[in-house]
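For reference, each letter of the sequence shown is one residue, going 1 to 271 in my numbering. First comes the structure, then the notes that go with it.
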Amino acid sequence: MGTLGRAIYSVGFWIRETGQALDRLGCRLQGNYYFQEQLSRHRTLMNVFDKAPVVEKDAFVAPSASITGNVHVGRGSSIWYGCVLRGDVNSISVGSGTNIQDNSLVHVAKSNLSGKVLPTIIGDNVSVGHSAVLHGCTVEDEAFVGTGATLLDGVCVEKHAMVAAGALVRQNTRIPSGEVWGGNPAKFLRKLTEEEMAFISQSALNYANLAQVHAAENAKGFDEIEFEKVLHKKFARRDEEYDSMLGVVRETPPELILPSNMMPDKMPKAA
Numbered sequence: 001m002g003t004l005g006r007a008i009y010s011v012g013f014w015i016r017e018t019g020q021a022l023d024r025l026g027c028r029l030q031g032n033y034y035f036q037e038q039l040s041r042h043r044t045l046m047n048v049f050d051k052a053p054v055v056e057k058d059a060f061v062a063p064s065a066s067i068t069g070n071v072h073v074g075r076g077s078s079i080w081y082g083c084v085l086r087g088d089v090n091s092i093s094v095g096s097g098t099n100i101q102d103n104s105l106v107h108v109a110k111s112n113l114s115g116k117v118l119p120t121i122i123g124d125n126v127s128v129g130h131s132a133v134l135h136g137c138t139v140e141d142e143a144f145v146g147t148g149a150t151l152l153d154g155v156c157v158e159k160h161a162m163v164a165a166g167a168l169v170r171q172n173t174r175i176p177s178g179e180v181w182g183g184n185p186a187k188f189l190r191k192l193t194e195e196e197m198a199f200i201s202q203s204a205l206n207y208a209n210l211a212q213v214h215a216a217e218n219a220k221g222f223d224e225i226e227f228e229k230v231l232h233k234k235f236a237r238r239d240e241e242y243d244s245m246l247g248v249v250r251e252t253p254p255e256l257i258l259p260s261n262m263m264p265d266k267m268p269k270a271a
């Protein structure tokens, strides 16, 4: 930004500041009749008394997620949009490379029918699907919890075990390694295949890589976002050049590729 650009930027800044000051003055003059805008109270990380969340380096926590109280999130893990991890009456531990996907809820148990006080412990490289509920349970390394599944107090999902989507796992149930459980209430369905075990590990890795993309996007400042808007507008009709500049390679889905004889310029010439 040159000297002229900086001067224009400064003028714009002071105009906006003046406008905000005039708005505040106008509100005071209106007395009881003015509309007061309420600021959002959302805090991604929030203490409960002396209990503070700890998020390790390289972990991604989405802006709309909520991590409260005695919660530890390990390196390279990702807590996605709309998730709630509430460690108020006990602790929550999330290992390294684990992903807790959008709108999932993780809580702990202070009291239940068995009288146990239970934390929630989630191991390394675990995948927890969208809208899952984990309450006072343990999920060991490289396990998989499907979309919409519910794990109640005292449940233990062993390493390389899978809870199917929508399953309700009753209290104190143990799901052995290498098994798939599903249904309501959840019960043994079958053994995991070698391909499915490999998929669990690959899924965790995929989410770890995807989290880095989202973390970079969420870290952008206002000026950078506005600059990218200008670029999008400038290169809107030159997708290949814009993609090349950003290092993006796009693949055309097979269903959108027309046969060569459908294109006028590729029609066979008459003899």
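For every residue, glycine included, the Cβ atom is placed at its ideal position computed from N, Cα and C. Remember, it's a predicted structure, so these values are computed and weren't measured experimentally.
Counted within 10 angstroms of its Cβ, other Cβ atoms place residue i as buried (16 or more) or exposed
i    : result
V230 : exposed
S104 : buried
N184 : exposed
N125 : buried
Y9   : exposed
W80  : buried
N70  : buried
A208 : buried
H135 : buried
V213 : exposed
A273 : Here the chain covers residues 1 to 271 and nothing more, so residue 273 does not appear.
D265 : Summary for D265: the model assigns pLDDT 46, below 50, so the residue's position carries little reliability; its value from the coordinates is reported in the next sentence. With fewer than 16 Cβ atoms within 10 Å of its Cβ, D265 is classed as exposed.
G129 : buried
T120 : buried
Q171 : buried
H107 : buried
G5   : exposed
A198 : exposed
F144 : buried
G221 : exposed
L7   : One point to set straight first is that residue 7 is Ala, not Leu, in the sequence displayed. Burial call: exposed.
A65  : buried
T18  : exposed
Reduced DSSP category for residue i - H, G, I as helix; E, B as strand; rest coil
i    : result
I187 : Here residue 187 is Lys; the residue named in the question, Ile, does not match the sequence. The answer is strand: DSSP assigns K187 an E or B state.
N261 : Reliability fails at N261, whose pLDDT of 47 lies under 50, so the model's placement of it is uncertain and the value that follows must be treated cautiously. N261 falls in the helix class under three-state DSSP.
P268 : With a pLDDT of 45 at P268, under the threshold of 50, the modelled position of this residue cannot be trusted, and the question is left open.
D58  : coil
S10  : helix
E195 : helix
V155 : coil
R43  : coil
S96  : coil
V163 : strand
S201 : helix
V108 : coil
D223 : helix
N172 : coil
N206 : helix
R86  : strand
G74  : coil
G182 : strand
G26  : helix
G148 : coil
Q2   : In the sequence on display, residue 2 carries Gly and not Gln. G2 falls in the coil class under three-state DSSP.
Distance between beta carbons of residue j and residue i, contact taken as under 8 Å
i    : j    : result
G123 : D102 : Not quite, the Cβ-Cβ distance comes to about 21 Å (not below 8 Å), so this is no contact.
V163 : A149 : 5 Å
L192 : H160 : 7 Å
S127 : S203 : 5 Å
L45  : I67  : 5 Å
E196 : I175 : About 14 Å separates the two Cβ atoms, so there is no contact after all.
F60  : A211 : 4 Å
E142 : I200 : 6 Å
- contact_flag[the stretch 77-93, the stretch 51-65] where n(CB pairs < 8 Å) is 3 or more: yes
- Message: Is it the case that the stretch 57-75 contacts the stretch 91-110, given that we only count it when at least three CB pairs across the two stretches are under 8 Å?
- Response: Touching, yes, given that three or more Cβ pairs across the two stretches are closer than 8 Å.
- Task: Give a yes or no on contact between the stretch 152-169 and the stretch 106-124, applying the rule of three or more CB pairs nearer than 8 Å.
- Result: yes
- Message: I want to know whether the stretch 178-196 touches the stretch 212-219 - three or more CB-CB distances under 8 Å.
- Response: no
- Which runs of the beta strand (DSSP E), 3 residues or longer, sit entirely within the stretch 110-143? 120-122, 133-135
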